[in-house]
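For any residue, its number in our numbering is found by taking its place in the sequence shown, counting from 1, and adding 269.
Think of the CB as a built atom: it goes at the ideal place given N, C-alpha and C, for glycine as much as any other residue.
In what follows, a structure is listed as structure tokens, so that the remarks can point back to it.
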Amino acid sequence: MEISERLERELQSAMARLRRLAQEIGDETGSGAVAAGETVAEIVDAAQGVADRDMHFATRSLLKARVNRLVSALARLNTGSYGKCEECGAAIAPARLAALPEVTSCLPCQDRHERGAHRHRDHHAARAEHRHRPHHAIRAGSRQRVTSISA
Numbered sequence: 270m271e272i273s274e275r276l277e278r279e280l281q282s283a284m285a286r287l288r289r290l291a292q293e294i295g296d297e298t299g300s301g302a303v304a305a306g307e308t309v310a311e312i313v314d315a316a317q318g319v320a321d322r323d324m325h326f327a328t329r330s331l332l333k334a335r336v337n338r339l340v341s342a343l344a345r346l347n348t349g350s351y352g353k354c355e356e357c358g359a360a361i362a363p364a365r366l367a368a369l370p371e372v373t374s375c376l377p378c379q380d381r382h383e384r385g386a387h388r389h390r391d392h393h394a395a396r397a398e399h400r401h402r403p404h405h406a407i408r409a410g411s412r413q414r415v416t417s418i419s420a
């Protein structure tokens, strides 16, 4: 199968899933609010409905992102830049494109990007931990001299 056919097929499939999801979300009834006098089973059902709706919205968000990536891949195919890494310009491995036809970077660039993102998160986590650590803890048994300023 030609890559354009595969991209089109995957795009149509993702869009069909989006439409089904929108229908399912629209068909759900009830606000998930708990009314006085409801049984435990009714409360659990309402909570499950809210969780299901949240899952639908998260799935919808992921599907929308995939649709956008597939549309972008089709555009790159039309301009002749499909299969080239957007970061370094090298060819993306055919096996990578077969697994993820909408991918925009080669594996080394993707790996570098992910390691950089992890380092960035780790750096911010370390800074947050440092901010919350007491710097001048008073040792047990030591006394602090208290002074006051009089006007």
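Along the chain, where does the alpha helix (DSSP H) that runs through L331 open and close? 309-348
Using 10 angstroms around the beta-carbon of S419, count the other beta-carbons present and answer buried if the total reaches 16, otherwise exposed. With a pLDDT of 49 at S419, under the threshold of 50, the modelled position of this residue cannot be trusted, and the question is left open.
What are the residues that DSSP puts in a beta bridge with A360? K353
Per DSSP, what kind of secondary structure is S273 in: helix, strand or coil? helix
Does the beta carbon of R381 come closer than 8 Å to any beta carbon on chain C? Although the question refers to chain C, the structure presented lacks it and comprises just one protein chain.
Rank L332, I294, S341 by C-alpha distance to the C-alpha of V319 and give the top, closest one. I294
Residues near L343 in its chain [Cβ-Cβ closer than 6 Å; skip 5 each side]: L276
Taking the beta carbon of I312 as the centre, do at least 16 other beta carbons fall within 10 Å, making it buried, or is it exposed? exposed
Under 8 Å between the Cβ atoms of L366 and G349? no
Take every Cβ of the region 373-385, pair it with every Cβ of the region 352-361, and state whether three or more of those distances are shorter than 8 Å. yes
Determine the burial state of V336: buried for a count of at least 16 other Cβ atoms within 10 Å of its Cβ, exposed for fewer. buried
Nearest to D321 by CA position, among I361, L290, R381, is which residue? L290
CB-CB under 8 Å to L287, same chain, minus the five flanking residues each way: which ones, in chain order? R329, L332, K333, V336
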